[in-house]
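*Asks:* Once you've had a glance at the structure underneath, I'll fire off some questions.
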Amino acid sequence: MLLLSNFKKIALAGILSLGVIACSSDDEGGDVIPPTNSIADFVESNPDYSSLNAALIAANLKTTLDGDTDYTVFAPNNAAFNAFLSANGFANLNAVPVDVLTQVLLNHVIPGKVMAADLSTGYVETASTMSPGENNLSMYINLEDGVMINGVAEVTTADVAVDNGVIHAVNSVIGLPDITTFALADPNFDILVAALTREDDFPFVEILQTQEAPAPFTVFAPTNNAFVDLLDELNLDSLDDLPADVLSSVLSYHVIANANVRSGDITDGMEVTTFETGMFTINTTGGVTITDENERVTNVIATDVQATNGVIHVVDQVLLPEM
């Protein structure tokens, strides 16, 4: 027992002496700075993200992700970048225009530290501004089966904590979204997509993917429930009961061409000419509503889903032009 007691005393003395030496060293050389593990540090040190690291260097974004500001990054691995390059006809990262590469990378970044448990199904803003008016692009997150981003990238590893935010690994590069990206990704628009693609000669998908005139577009997108209510209103069993020319007119009536009209641009009593050459009126008293050519009033229930070639506002009723 005496031997053990003496051993404890010796050990304690040793620890105290080390503490004195350490403190003395700190006083002489200044505060010891612990190693950092920023988003940029993690990407650089992880061989699975060497392509992402090279892309960040090419886009001059490493400094941004090495600072004190918190970000959430959805990080594609090397295989995801290889697939992205191949799908878009690029021989390597150097072949991607720097401005495009920069915006693609920023499309993987959202402000603040958002852990997986804090994610919810719906739209968030990314750091990318490759849109009309340089508005921040939207990102659609779907938690129905795991975490899916814009319908194309799945989170494979969540909550990699770093000093300035959090990283979620994804299995695909999240491309820059056009109007159709969100229509396809958001299950609330399943019937709308079915309507847009019902006829082989319907040009809607091709039109709503273009970045050229008549883009940008403002689309008032009816939900699935809106289409169900329309069928009840018209005493129809399905959209197939609508003649193709009528359905085409109805769909075109929901689109404004050559304008990216965000919620902040809308004024009370605003009259809008649609792609179908019809008109409707937007009112803002007591909430944003639309009065169509049949005096039917529709509520705008979500706004400013921003794509590269336009913006989507969600409506709870299908708008009807004069037939």
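Just so we're aligned: 124 in the UniProt record's numbering is position 124 of the sequence shown, and the numbers increase by one with no gaps anywhere. Cβ atoms here follow ideal geometry from the backbone N, Cα and C, with glycine treated the same way.
(1) Using DSSP's beta-bridge definition, name the partner residues of Glu125.
(2) Could you tell me which residues DSSP pairs with Val297 in its beta bridges?
(3) Can you have a look at Gly146 and say buried or exposed, based on whether 16 or more other CB atoms are within 10 angstroms of its CB?
(4) Rank Val314, Gln306 and His313 by C-alpha distance to the C-alpha of Met139 and give the top, closest one.
(5) Considering only C-alpha positions, which residue in the set Asn171, Asn136, Ser120 and Asn88 is nearest to Asn142?
(6) Kindly indicate the opening and closing residues of the alpha helix (DSSP H) around Thr180.
(7) Could you tell me which of Val173, Asp229 and Ser249 sits nearest to Phe204, measuring between CA atoms?
(8) Taking Cβ to Cβ, would you say Phe182 is nearer than 8 angstroms to Ile312?
(9) If you follow the beta strand (DSSP E) that Thr156 is in, where does it begin and where does it stop?
(10) Might you give, ordered along the chain, the residues of its own chain that have their beta carbon closer than 6 angstroms to the beta carbon of Asn258, omitting 5 neighbours on each side?
(11) Are Ile170 and Val104 close, meaning C-beta to C-beta below 8 angstroms?
(12) What residues in its chain sit with their C-beta under 6 angstroms from that of Ser131, if we drop five residues either side in the sequence?
(13) When the Cα of Pro187 is compared with those of Pro222, Glu212, Asp200 and Val160, which residue comes out closest?
(14) Are Asn92 and Asp48 touching if we call contact CB-CB under 8 angstroms?
(15) Measure from the alpha carbon of Gly278 to the alpha carbon of each residue in Gly264, Glu293, Asp265 and Val288, then state which is nearest.
(16) In angstroms, rounded to a whole number, what distance separates the CA positions of Asp200 and Ile207?
(17) Looking at Gly151 and Asp70, is the spacing between their C-beta atoms short of 8 angstroms?
(18) Exposed or buried, which one is Gln211 when buried takes at least 16 other CB atoms within 10 Å?
(19) Please report the distance separating the alpha-carbon of Leu192 from that of Asp163.
(20) Mapping the DSSP letters down to three states, classify Asn258 as helix, strand or coil.
(21) What three-state label does DSSP hand Ala169 in the structure shown?
(22) DSSP state of Ile149, grouped into three classes?
(23) Leaving aside the five residues before and after Thr281 along the sequence, list all residues of the same chain whose C-beta is less than 8 angstroms from its C-beta, in chain order.
(24) From the DSSP output, read off the bridge partner residues of Gln306.
(25) Please classify Ala161 as buried or exposed, where buried requires at least 16 neighbouring CB atoms within 10 angstroms.
*Replies:* Taking the structure as given:
(1) To locate residue 125, count along the sequence shown from 1; it is residue 125. Paired residues: Ser138.
(2) Against the sequence shown, residue 297 aligns to sequence position 297. Val297 pairs with Thr291.
(3) Taking the first residue of the sequence shown as position 1, residue 146 is located at position 146. With fewer than 16 other beta carbons inside 10 angstroms of its own, Gly146 counts as exposed.
(4) The count along the sequence shown starts at 1 and reaches residue 139 at position 139. Nearest of Val314, Gln306 and His313 to Met139, Cα basis: Gln306.
(5) Position 142 of the sequence shown holds residue 142. A check of alpha carbon separations from Asn142 across Asn171, Asn136, Ser120 and Asn88 identifies Ser120 as the nearest.
(6) Residue 180 sits at position 180 when you count from the first residue of the sequence shown. DSSP places Thr180 inside the alpha helix (DSSP H), whose first and last residues are Ile179 to Ala185.
(7) For the purposes of this step, residue 204 is taken as residue 204 along the sequence shown, with counting starting at 1. Closest by alpha carbon: Ser249.
(8) What you label residue 182 is simply residue 182 of the sequence shown in a count that begins at 1. What you label residue 312 is simply residue 312 of the sequence shown in a count that begins at 1. Yes, these two residues count as a Cβ contact at 8 angstroms.
(9) In the sequence shown, residue 156 corresponds to position 156, counting from 1. Note, Thr156: beta strand (DSSP E), Ala153 to Val162.
(10) In the sequence shown, the residue the question calls residue 258 occupies position 258. So the list reads Pro214, once near-sequence residues are dropped.
(11) For this step, residue 170 is matched to residue 170 along the sequence shown. For this step, residue 104 is matched to residue 104 along the sequence shown. Per the sequence presented here, residue 170 reads as Val, with Ile not at that position. With respect to Val104, Val170 sits apart: the two C-beta atoms are not nearer than 8 angstroms.
(12) Residue numbering aside, residue 131 sits at position 131 when the sequence shown is read from its first letter. Closer than 6 angstroms at the Cβ level, and outside the excluded window around Ser131, lie Leu137, Gln306 and Thr308.
(13) Here residue 187 is taken as the residue at index 187 of the sequence shown, counted from 1. The residue with the shortest Cα to Cα distance from Pro187 is Pro222.
(14) Walking along the sequence shown from the start, residue 92 turns up at place 92. Walking along the sequence shown from the start, residue 48 turns up at place 48. Going by C-beta atoms, Asn92 is not nearer than 8 angstroms to Asp48.
(15) If you number the sequence shown from 1, residue 278 lands on position 278. The residue with the shortest Cα to Cα distance from Gly278 is Glu293.
(16) Within the sequence shown, the letter at position 200 stands for residue 200. Within the sequence shown, the letter at position 207 stands for residue 207. Taking the Cα positions, Asp200 is about 14 angstroms away from Ile207.
(17) Your numbering for residue 70 matches position 70 in the sequence shown. Your numbering for residue 151 matches position 151 in the sequence shown. No, the Cβ-Cβ distance between Asp70 and Gly151 is not below 8 angstroms.
(18) Indexing the sequence shown from 1 puts residue 211 at position 211. Its Cβ having fewer than 16 others within 10 Å, Gln211 is exposed.
(19) For the purposes of this step, residue 192 is taken as residue 192 along the sequence shown, with counting starting at 1. For the purposes of this step, residue 163 is taken as residue 163 along the sequence shown, with counting starting at 1. Leu192 and Asp163 have their C-alpha atoms some 43 angstroms from each other.
(20) Here residue 258 refers to the residue found at position 258 of the sequence shown. DSSP places Asn258 in coil when its eight states are reduced to three.
(21) Position 169 of the sequence shown, counting from 1, holds the residue named residue 169. Note: Ala169 maps to strand in three-state DSSP.
(22) As a working mapping, residue 149 is identified with position 149 in the sequence shown. Strand at Ile149.
(23) In the sequence shown, counting from the first residue as 1, residue 281 sits at position 281. Close CB contacts of Thr281 within its chain, under the 8 angstroms cut and outside five residues either way in sequence, are with Gly269, Met270, Glu271, Val272, Ile290 and Thr291 (chain order).
(24) As a first step, residue 306 is located in the sequence shown; it is residue number 306 there, counting from the start. DSSP lists Val311 as partners of Gln306.
(25) Position 161 of the sequence shown, counted from the start, is the residue given in the question as residue 161. Classification of Ala161: exposed, given that the 10 Å Cβ count is below 16.
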